[in-house]
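Residue numbers (my numbering), protein chains in the order written: chain D, 243 to 476; chain V, -8 to 289.
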């Protein structure tokens, strides 16, 4: 790995008084697909939110393309080329599907066009005039992913995109994530579903108690299975 | 039944009906414009802007001062006064309001209520409380048969409708409006998409205050320009907002105009009730639909 696209070092984060991240360290190279694995409450979601700058307070270092982001507000961080797809999906009920898709402003050239996104998610085109929250869970997830592909962001932070979805939809999301990687997106994925994560990722970081405690590459997953299962409690 | 004319309803002449309906429509135009500004501000800032009446008064005063000191005509004031008062709103938001967004609604209410008292007190101290007249920019009127309608009042109704529909369009049908609607729902996420939400909030407050000032300029030739002209009005407007549903744009437009009409009709049927009818409607609506006619329960 030459120069990492994203480098997180000693990242600490708080929500109000509670100290959630106690020094997270990891990095992602350009074009990589990396997951954060860990039990509920380990700090995976908070890590994504801390990278995005939407936690109460954060300390440490998060550099994107060599630029420090700690100390900057989230709207400036997004404009560097980082896009966030939250666990709760964050579809706006007062906006139509198409308005939801067009909401995040284009921050850099090179994003997908609206047509590209509709080709990737044909359901969304059919329902473009519907209220965003009237979609099914799977469609809402596709909308949440689709709308951050337009912006030209090169790093996508995806928080549990498969949560609560039927197996066939999970499979479809897996295909889409692989396609996005082929298109050159760098992806940081938070997953509870280890089997899903194992099928798409280049590397896995294991998060526990607000720290990264281990790293396993895709090639080593098979022989590290026992260790991983112990970490995840499965 | 012998005295019943075919033009009369409840033995009240048609002239009275139409006359009061038109007056009601004009009042309704102001209710609609003011409650619209309140709805826009509340949706985005979560602040109940009690200073709205004072800002309406400032709009009227700005037009009156521009005319008296700089000889600026009404039509120029219609643009300038809302900008001046809107900028004043921007300063208020940056200096004071932004510090209380994380607190309960009550603090915003108290802060803006206090501001209204201070602003109105200052204007009263400087210019007294007796009103000053503002010459009507459109002379003449139409004889409609049942009543004489000054042309300016007709213009106010049309202008108010246009302002309301333009605001509705801007919020419901444009990109900027989509940002506003989204930021009303989830400001953190909208900001994480790269939109400068604090600036959006400041602009929204400025525009909301500008709308109040615009209504004030339109009111200047109809009413006397006085420090307390917004005080009573804002109470009625708050009742309108409660009836329509806090934060609903179309709700405040429709409710504003209709309650103006309801008030006008009451003036014909039962004059003593005309001052209270809106509050009676408010109480009834609250009993049946606490979120207001167009409001959504969260």
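For every residue, glycine included, the Cβ atom is placed at its ideal position computed from N, Cα and C.
Open item on the list: Can you check whether the C-beta of residue 31(V) is within less than 9 Å of a C-beta belonging to chain C?
Closed with: The structure shown has no chain C; the protein chains it does contain are D and V.
Open item on the list: Taking DSSP's pairing of strands, which residues face residue 260(D) in a bridge?
Closed with: 257(D)
- [ ] With a 10 Å radius around its C-beta and 16 neighbouring C-beta atoms as the bar for buried, classify residue 432(D) as buried or exposed.
- [x] buried
- [ ] Just the chain V side, please: which residues come within less than 8 Å of residue 335(D) by C-beta, in chain order?
- [x] Result: 176.
Task: Outcome for residue 248(V) when other beta-carbon atoms lying within 10 angstroms are tallied against a minimum of 16 - done: buried
Task: Start and end residues, alpha helix (DSSP H) containing residue 134(V) - done: Looking at the DSSP string, residue 134(V) is not in any alpha helix (DSSP H); the run it does join, the beta strand (DSSP E), is 132 to 134.
Task: 6 Å CB neighbourhood of residue 269(D) in its chain, flanking five on each side removed - done: 246, 249
Task: Residue closest to residue 359(D), alpha-carbon to alpha-carbon, out of 471(D), 387(D), 373(D), 455(D) - done: 387(D)
Task: Minimum length 4: unbroken alpha helix (DSSP H) runs contained in the region 152 to 206 of chain V - done: If we require 4 residues or more, the alpha helix (DSSP H) runs fully inside the region 152 to 206 of chain V come out as 166 to 176, 178 to 183.
Task: Which residues DSSP lists as bridging residue 47(V), in chain order - done: For residue 47(V), DSSP assigns no beta-bridge partner whatsoever.
TODO: Going by DSSP, name the residue or residues bridged to residue 457(D).
DONE: Residue 457(D) is bridged to 447(D).
Task: Assigned exposure category for residue 133(V) - 16 Cβ within 10 Å defines buried - done: exposed
- [ ] Under 7 Å between beta-carbons, which chain V residues line up against residue 320(D)? List them in chain order, please.
- [x] 183, 184, 185
Open item on the list: By the three-class DSSP mapping on this structure, what secondary structure does residue 306(D) have?
Closed with: strand
Open item on the list: Using a Cβ-Cβ distance cut-off of 9 Å, determine whether residue 193(V) contacts chain D.
Closed with: By this cut-off, residue 193(V) is not an interface position.
Open item on the list: So, for residue 9(V): in the same chain, excluding its five sequence neighbours on each side, which residues have a beta-carbon less than 7 Å away from its beta-carbon?
Closed with: 137, 138
Task: For residue -7(V), three-class secondary structure by DSSP - done: Only weak support exists for where residue -7(V) lies, its pLDDT of 41 falling under 50; the value from the coordinates is given anyway. Residue -7(V) falls in the coil class under three-state DSSP.
- [ ] Look up residue 281(V) in the DSSP assignment and say whether it is helix, strand or coil.
- [x] coil
Open item on the list: Do residue 194(V) and residue 70(V) have their beta-carbon atoms positioned less than 9 Å apart in this structure?
Closed with: no
Open item on the list: On the criterion of 16 or more Cβ atoms from any shown chain inside 10 Å, does residue 378(D) qualify as buried, or is it exposed?
Closed with: exposed
Open item on the list: So the candidates are 283(D), 275(D), 251(D), 279(D); which of them puts its Cα closest to the Cα of residue 261(D)?
Closed with: 283(D)
TODO: Could you work out which residues of chain D lie near residue 85(V), taking near to mean beta carbons separated by less than 8 Å?
DONE: None at all; the shortest Cβ gap to chain D is about 16 Å.
- [ ] For chain D, find out if any of its Cβ atoms is closer than 9 Å to the Cβ of residue 158(V); answer yes or no.
- [x] no
- [ ] Would you check if the distance between the CB atom of residue 449(D) and the CB atom of residue 286(D) is smaller than 9 Å?
- [x] yes
Open item on the list: Would the region 35 to 45 of chain V count as touching the region 195 to 204 of chain V if we require 3 or more Cβ pairs under 8 Å?
Closed with: The way I'd put it, the region 35 to 45 of chain V does touch the region 195 to 204 of chain V; three or more beta-carbon pairs between them come closer than 8 Å.
Open item on the list: Strictly under 9 Å for the Cβ-Cβ distance: is residue 173(V) near chain D by that measure?
Closed with: yes
- [ ] Please go through the same chain and pick out, in chain order, the residues whose beta-carbon is closer than 8 Å to the beta-carbon of residue 205(V), but skip the five residues on each side of it.
- [x] 24, 50, 69, 72, 73, 154
TODO: Would you please state the rounded distance, in angstroms, between the beta carbons of residue 293(D) and residue 324(D)? I believe it to be under 8 Å.
DONE: About 7 Å separates the CB atoms of residue 293(D) and residue 324(D); that is less than 8 Å, so the two are in contact.
Task: Proximal residues to residue 239(V) (C-beta, below 8 Å), its chain only, five neighbours per side dropped - done: 30, 283, 285, 286, 287
TODO: Would you list, in chain order, the members of the region 282 to 308 of chain D that have their beta-carbon closer than 7 Å to a beta-carbon of chain V?
DONE: 294, 296
Open item on the list: If the cut-off is 8 Å on Cβ atoms, which residues from the region 435 to 464 of chain D count as contacting chain V, listed in chain order?
Closed with: Residues: none.
Open item on the list: In the DSSP output, which residue or residues are listed as bridge partners for residue 326(D)?
Closed with: Paired residues: 399(D).
- [ ] Output yes if chain D places a C-beta closer than 9 Å to the C-beta of residue 166(V); else output no.
- [x] yes
- [ ] Going by CA-CA distance only, name the one from 168(V), 63(V), 202(V), 233(V) that's closest to residue 28(V).
- [x] Answer by Cα proximity: 202(V).
Open item on the list: For residue 225(V), report the span of its alpha helix (DSSP H) as first-last.
Closed with: Boundaries of the alpha helix (DSSP H) around residue 225(V): 222 to 235.
Task: Range of the contiguous beta strand (DSSP E) that encloses residue 139(V) - done: 139 to 141
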